[in-house]
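Trainee: The following block contains the structure, expressed as structure tokens.
Number of protein chains: 2
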Amino acid sequence: MNLDNLKNVFEPKLLMEIQQFGTWQSFKEGDLIMDYGKYIRMMPIIIKGTVKVYRLDETGNEILLYYLSSSESCSMAYSCCVEAKKSEVKAIADDDVELIAIPHLKLDEWLCTYASWKNYIMRSFNERFIELLKSIESIAFHKLDERLISYLKEKQRLSGSSVIKASHYLIADELATSRVVISRLLKHLENSKKIILYRNEIKLLPAFG
Amino acid sequence: MNLDNLKNVFEPKLLMEIQQFGTWQSFKEGDLIMDYGKYIRMMPIIIKGTVKVYRLDETGNEILLYYLSSSESCSMAYSCCVEAKKSEVKAIADDDVELIAIPHLKLDEWLCTYASWKNYIMRSFNERFIELLKSIESIAFHKLDERLISYLKEKQRLSGSSVIKASHYLIADELATSRVVISRLLKHLENSKKIILYRNEIKLLPAFG
DNA sequence: CCCCCTTTGTAACCTTTGTTACAAAATACG
DNA sequence: CGTATTTTGTAACAAAGGTTACAAAGGGGG
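Chains G and F, in that order, are what the protein sequence lines are.
Heads up: the first sequence begins at 1 in my numbering, then just goes up one per residue.
Heads up: the second sequence begins at 210 in my numbering, then just goes up one per residue.
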């Protein structure tokens with residue numbers, strides 16, 4: 001593995017430091033990368049694959065915060081590192097994942113020595129922030145059918161494929177509703193020739209938009 | 210005005226710098242502190258009063274992000290400063306507000322020179338983050354009646370008073386629903402002896418909890 | 001090839017929330 | 001004091017989403 005994805009993000013000297021001080025880690029689909037309550041001493045930068053980040057709220061609901069993919073990082077991990085706190089999130093490999101873990105001492109150091117690092121961190125925070133805001137907007141102002149469509153489009157964008165592999169149950173879970181409701185809405189979309197349903201698969205047709 | 214509120218947050222030397230480089234600003238209830246599209250070159254630290262921070266989403270809905278009160282700061286402003294971007298948020302004084310504005314050059318500098326500053330910034334990000342997560346949780350998993358009760362309790366906590374000054378219309382707006390619905394739910398709460406309704410006022414009774 | 005488990009389809013019904021419409025009360029303001 | 005504006009109360013209805021229950025189809029493993 002190499003750090004080519006990061007070439008446009010960091011200056012060469014910082015890349016060398018990342019190479020030197022970072023630790024390579026590999027995970028297989030479904031692997032638990034980080035769990036609630038563990039101490040975080042490293043911040044991950046995703047090189048390959050996709051990571052799902054969850055949070056457990058006070059009432060025991062597990063909520064999907066965001067997906068991390070190539071060259072992205074986890075703001076929650078960062079702020080945990082800086083404050084030396086236990087993890088409030090759980091991270092699971094959504095497919096096979098390669099990442100490089102940066103020790104927390106370097107996080108601090110680079111903030112002062114590399115402008116590109118500081119910008120990267122700030123941009124990460126901002127992107128996660130905007131991401132959450134979009135979630136709120138989506139839940140607060142859009143009906144489930146619209147949200148489902150956005151969800152499918154996002155999956156399409158992330159995977160680069162018009163065939164989405166997911167069960168109705170999984171989708172329901174990520175949209176915080178029930179399976180029956182999702183099945184109903186998907187069936188509507190199929191009836192209007194926007195998608196075709198298979199077992200564990202949804203094919204988006206050209207008419208899907 | 211003085212910086213006593215910040216004594217427990219920052220070390221004395223940093224306090225002096227804040228005093229020296231920060232600019233005092235006062236606003237009256239309802240004043241526009243920051244608007245969409247303006248360049249942000251200062252980060253505010255609230256000394257007195259409460260600020261409401263809004264964001265405009267793609268579909269034109271204005272959404273209340275969070276309240277800022279004493280010794281708190283606005284993470285959105287911070288990341289805007291660092292990336293020299295235009296404001297994506299609007300800030301309105303909820304009552305009379307005193308704040309001290311820190312020029313963006315100092316933001317960067319202090320990050321390296323004062324550990325307490327770095328921690329403050331990180332904690333701010335984290336708090337806003339958690340705040341948003343709570344919003345999502347609330348909207349996604351709780352029914353309107355529960356959300357209304359939380360809303361009233363939060364207002365009570367922030368103002369320190371059991372009498373909440375707000376019209377049904379305002380509440381409906383902040384919970385992203387319609388006035389009629391809020392009136393209905395409030396009337397239920399009144400009928401069950403939890404609150405008493407007046408014009409522009411809601412009195413929380415002991416039974417409210 | 002059979003059994004089991006997961007996934008999907010569908011109906012019927014209930015609850016919550018949103019909408020429209022209209023009236024009455026409170027307040028602001030000239 | 002009288003009129004305009006804002007705020008609140010309420011009814012009646014519509015729509016969206018949640019729940020329960022049950023059947024059928026698909027796939028995996030022995």
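Think of the CB as a built atom: it goes at the ideal place given N, C-alpha and C, for glycine as much as any other residue.
This one's a predicted model, so the numbers in the text were calculated from it and none came from an experiment.
#1: If you count every other CB in all the chains shown that lies within 10 Å of the CB of G:R184, and 16 or more means buried, which is it?
#2: Smallest Cα separation from G:E58: which of F:I339, F:L212 and F:H377?
#3: Who are the neighbours of G:C112 on chain F, taking C-beta pairs under 8 angstroms?
#4: Whose C-beta lies closer than 6 angstroms to the C-beta of F:L357 among residues of the same chain, with five residues either side of it excluded?
#5: Which bits of chain F does G:T59 rub up against, with CB to CB less than 9 angstroms?
#6: Going along the chain, which residues of its own chain have a beta-carbon closer than 7 angstroms to the beta-carbon of F:K403, five neighbours each way excluded?
#7: What residue range does the alpha helix (DSSP H) around F:A286 cover?
#8: Which same chain residues end up closer than 8 angstroms to G:F21 when comparing Cβ atoms and leaving out the 5 residues on each side of it in sequence?
#9: Please go through the same chain and pick out, in chain order, the residues whose beta-carbon is closer than 6 angstroms to the beta-carbon of F:A381, but skip the five residues on each side of it.
#10: If you run the structure through DSSP and keep just helix, strand and coil, what is G:S192?
#11: Quick one, which of G:L144, G:T23 and G:S71 has its alpha-carbon nearest G:D4's?
#12: From F:E428 to F:I272, what does the alpha carbon distance come to, in whole angstroms?
#13: From the DSSP output, in three-state form, read off G:A166 for me.
#14: Using Cβ-Cβ distances below 8 angstroms, what residues of the segment 116-127 of chain G are close to chain F?
#15: Name the DSSP beta bridge partners of G:L204, please?
#16: Secondary structure at F:T322, three-state DSSP: helix, strand or coil?
#17: Give a yes or no on whether the C-beta atoms belonging to F:S235 and F:E307 are separated by under 7 angstroms.
#18: Looking at the C-beta of G:V82, does it have a partner C-beta in chain F at a distance below 7 angstroms?
#19: Excluding the 5 residues preceding and the 5 following F:D304 in the sequence, name in chain order all residues of the same chain whose CB lies nearer than 8 angstroms to its CB.
#20: Identify, in the order they occur along the chain, each residue of the same chain with its Cβ nearer than 8 angstroms to the Cβ of G:L15, setting aside the five sequence neighbours on each side.
#21: For the alpha helix (DSSP H) holding F:V237, just list the boundary residues, first then last.
#22: Which bits of chain F does G:R55 rub up against, with CB to CB less than 8 angstroms?
#23: Could you tell me which whole beta strand (DSSP E) segments of length 3 or greater appear in the segment 31-106 of chain G?
#24: State yes or no: is the beta carbon of G:A176 nearer than 7 angstroms to at least one beta carbon in chain F?
#25: Which whole-angstrom value is the C-beta distance of F:S296 and F:Y245, which I expect to be below 8 angstroms?
#26: How many angstroms separate the CA atom of G:I202 from the CA atom of G:I164?
#27: Taking CB distances under 7 angstroms as the criterion, tell me whether G:S71 reaches chain F.
#28: Please name the residue in G:I139, G:K187 and G:V9 whose C-alpha comes closest to that of F:K352.
#29: Since F:E363 is in the alpha helix (DSSP H), which residue starts that stretch and which ends it?
#30: For G:V9, name the three-state secondary structure that DSSP assigns.
#31: Check the Cβ of F:S359 against every Cβ in chain G and list those closer than 8 angstroms, keeping chain order.
Mentor: In brief:
#1: Sequence index remark: in the first sequence, residue 184 of chain G carries index 184 (1-based). G:R184 is exposed by the Cβ-count criterion.
#2: Taking the first sequence and counting its residues from 1, one reaches residue 58 of chain G at position 58. Checking every option, the nearest Cα to that of G:E58 belongs to F:I339.
#3: Within the first sequence, numbered from 1, the residue matching residue 112 of chain G stands at position 112. Chain F residues near G:C112: L320 and C321.
#4: For the purposes of this step, residue 357 of chain F is taken as residue 148 along the second sequence, with counting starting at 1. The answer, listed in chain order, is L394.
#5: Translated into the one-based positions of the first sequence, residue 59 of chain G becomes position 59. Going along chain F in sequence order, the residues near G:T59 (Cβ under 9 angstroms) are E346, F350 and H351.
#6: One-based indexing of the second sequence puts residue 403 of chain F at position 194. Result list for F:K403: L414, A416 and F417, in chain order.
#7: The residue given as residue 286 of chain F occupies position 77 in the second sequence. First-last of the alpha helix (DSSP H) with F:A286: S284 to E292.
#8: To locate residue 21 of chain G, count along the first sequence from 1; it is residue 21. Closer than 8 angstroms at Cβ, skipping near neighbours: I102, P103 and K106.
#9: By 1-based counting over the second sequence, the position of residue 381 of chain F is 172. Same-chain partners within the cutoff: S387, R388 and I391.
#10: The count along the first sequence starts at 1 and reaches residue 192 of chain G at position 192. Coil, per DSSP.
#11: Locating residue 4 of chain G in the first sequence gives position 4, where the first residue counts as 1. Comparing Cα-Cα distances from G:D4 to each of G:L144, G:T23 and G:S71, the minimum goes to G:S71.
#12: Residue 428 of chain F falls outside the range modelled here, since chain F spans only 210 to 418, and no answer is possible.
#13: Taking the first sequence and counting its residues from 1, the one referred to as residue 166 of chain G is at position 166. Here G:A166 sits in coil by DSSP.
#14: K118, N119, M122, R123, F125 and N126
#15: Within the first sequence, the letter at position 204 stands for residue 204 of chain G. G:L204 pairs with G:I195.
#16: As a working mapping, residue 322 of chain F is identified with position 113 in the second sequence. DSSP places F:T322 in helix when its eight states are reduced to three.
#17: Looking up residue 235 of chain F in the second sequence gives position 26. Looking up residue 307 of chain F in the second sequence gives position 98. In this structure, F:E307 lies closer than 7 angstroms to F:S235 by Cβ.
#18: Along the first sequence, one-based indexing puts residue 82 of chain G at 82. Yes, G:V82 counts as interfacial toward chain F.
#19: To locate residue 304 of chain F, count along the second sequence from 1; it is residue 95. Closer than 8 angstroms at the Cβ level, and outside the excluded window around F:D304, lie E238, G258 and T259.
#20: Residue mapping note: residue 15 of chain G aligns to position 15 of the first sequence, counting from 1. The answer, listed in chain order, is L3, L6 and K7.
#21: The residue given as residue 237 of chain F occupies position 28 in the second sequence. According to the sequence as given, residue 237 of chain F is Lys; it is not Val. Careful: F:K237 lies outside any alpha helix (DSSP H) and carries neither H nor E.
#22: On the first sequence, residue 55 of chain G is found 55 positions in, with the first residue counted as 1. Those within 8 angstroms of G:R55 in chain F are L342.
#23: 32-34, 42-48, 51-56, 62-68, 89-93 and 97-103
#24: What you label residue 176 of chain G is simply residue 176 of the first sequence in a count that begins at 1. Judged by the 7 angstroms Cβ criterion, G:A176 is in contact with chain F.
#25: In the second sequence, the residue the question calls residue 296 of chain F occupies position 87. In the second sequence, the residue the question calls residue 245 of chain F occupies position 36. Indeed, because the Cβ distance is near 6 angstroms, the residues count as touching under 8 angstroms.
#26: Looking up residue 202 of chain G in the first sequence gives position 202. Looking up residue 164 of chain G in the first sequence gives position 164. One C-alpha to the other measures close to 5 angstroms.
#27: The sequence position of residue 71 of chain G within the first sequence is 71, counting from 1. So no, G:S71 is outside the interface.
#28: Your numbering for residue 352 of chain F matches position 143 in the second sequence. The shortest C-alpha separation from F:K352 is found at G:I139.
#29: Sequence index remark: in the second sequence, residue 363 of chain F carries index 154 (1-based). Looking at the DSSP string, the run of the alpha helix (DSSP H) that includes F:E363 is L353 to S368.
#30: The residue you call residue 9 of chain G lines up with position 9 of the first sequence. If DSSP states are grouped into helix, strand and coil, G:V9 belongs with coil.
#31: In the second sequence, the residue the question calls residue 359 of chain F occupies position 150. Within 8 angstroms Cβ-Cβ: nothing; F:S359 doesn't reach chain G, min ~11 angstroms.
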